[in-house]
């Protein structure tokens, strides 16, 4: 009898800590940070010098979702993105640093499947897409800018989940693969407005890109 009770308790613990049942609802609160650097070579006074350009991005990502199957989730949410980038403008006597900021607010739709590593620990490939609207302000090589942006993103990220109990889990990830397309409306004085399109594909799996958060799980019943 004792063995049966022990087996039953172990099984219940496995279900509570290690599964998200069909129909369960989730609330995610996430924070992410991305740092990217590149180098620019320029000639000053006949000497080649290397200058570093830098971009820092902060994302706040609240999501809500539902388990469509056991450990498979669909979620919707918001992405509040704040980006600050620096570049260098060269002159014969030196250079000056240009600073631009992007503020973009996006609607996000995603899918995620949790794969168990051990009782409380899961890895979850997460695929998401978003469309966002915002502003780019500051100064670039064309001068002062205050332009509207429409941003499209598709990304794949490997997330980790550690279940503290059946009601909530800690989340985290390092790195991502992403395609991004920016459409920027440029106001031309006394002329027709222009649209600049910038597309890029990037991937990173270093400590310069990370995401932390917490997931709350509601109505997580095995019935």
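In the numbering used here, the protein residues as written are 7 to 229.
We treat Cβ as the ideally placed atom computed from N, Cα and C, and that holds for glycine.
query = Are three or more beta carbon pairs between the segment 130-138 and the segment 151-164 nearer than 8 angstroms?
reply = Yes: the two stretches touch, three or more of their Cβ pairs being nearer than 8 angstroms.
query = How would you label residue 58, buried or exposed, when you count the other beta carbons within 10 angstroms and need 16 or more for buried?
reply = exposed
ask   = Are residue 156 and residue 206 closer than 9 angstroms when you measure CB to CB?
value = Against a cut-off of 9 angstroms, the Cβ pair of residue 206 and residue 156 comes out as no contact.
ask   = Could you check where the beta strand (DSSP E) with residue 201 kicks off and where it finishes?
value = 200-210
Reduced DSSP category for residue 130 - H, G, I as helix; E, B as strand; rest coil = strand
Contacts around residue 245, its chain only, beta-carbon distance under 7 angstroms, and the 5 residues preceding and following it disregarded = Any question about residue 245 goes unanswered here, given that the chain covers just 7 to 229.
query = Ends of the beta strand (DSSP E) at residue 152?
reply = 149-169
query = Between which two residues does the beta strand (DSSP E) containing residue 191 stretch?
reply = 182-192
ask   = Among 93, 39, 27, 31, which has the Cα closest to the Cα of residue 75?
value = Comparing Cα-Cα distances from residue 75 to each of 93, 39, 27, 31, the minimum goes to 27.
task = Along the beta strand (DSSP E) that carries residue 223, what are the first and last residues, could you check?
result = 215-224
message = Rounded to the nearest angstrom, what separates residue 175 and residue 143 at their Cα positions?
response = 38 angstroms
request  = Report the option in 64, 68, 78, 116 whose CA atom is closest to the CA atom of residue 30.
outcome  = 78
inquiry  = Rounded to whole angstroms, what is the Cα-Cα separation between residue 80 and residue 209?
reply    = 24 angstroms
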